[in-house]
Amino acid sequence: MNLLETTGLPLFWNLWVLALTLGSLVLFAMLALGSLSRATSGDSDEREGDGPMQEHRINGVRQPDTPAPRAWGILALATLAAALILLLGAAG
């Protein structure tokens, strides 16, 4: 007789890992969608270099604060979709 099987711990740990995984995926989706919405606001010609100037502490170089490229956001959403497919495949 195994003590862990009679106390229901495997179900607890399955639900714990599922909750942590889904929570992480939701936060990742919010981050990816937020970066996509920032990258698509305004015209691309006007958007480039319009942010406030940021100075690096190490070498003193000043450069505009520009959003991440749109392709990075699309790749992030593709990664999220692959993670959900793998999660559903592991559950079934």
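Residues in the sequence shown are numbered consecutively from 1, following full-length UniProt numbering. Heads up, the beta-carbon is just placed ideally off N, CA and C, and yes, glycines get one too. On a predicted model such as this, the values are computed, not experimentally measured, just so you know.
7 Å CB neighbourhood of residue i in its chain, flanking five on each side removed
i          : result
residue 83 : 25
residue 73 : 32, 35, 36, 39
residue 28 : 80
Residues of its chain near residue i, where Cβ-Cβ distance is below 8 Å and the 5 sequence neighbours each way are ignored
i           : result
residue 106 : A query on residue 106 cannot be resolved here, the shown segment of the chain reaching from 1 to 92 and no further.
Counted within 10 angstroms of its Cβ, other Cβ atoms place residue i as buried (16 or more) or exposed
i          : result
residue 10 : exposed
Distance CB(residue i)-CB(residue j) smaller than 8 Å
i          : j          : result
residue 21 : residue 80 : no
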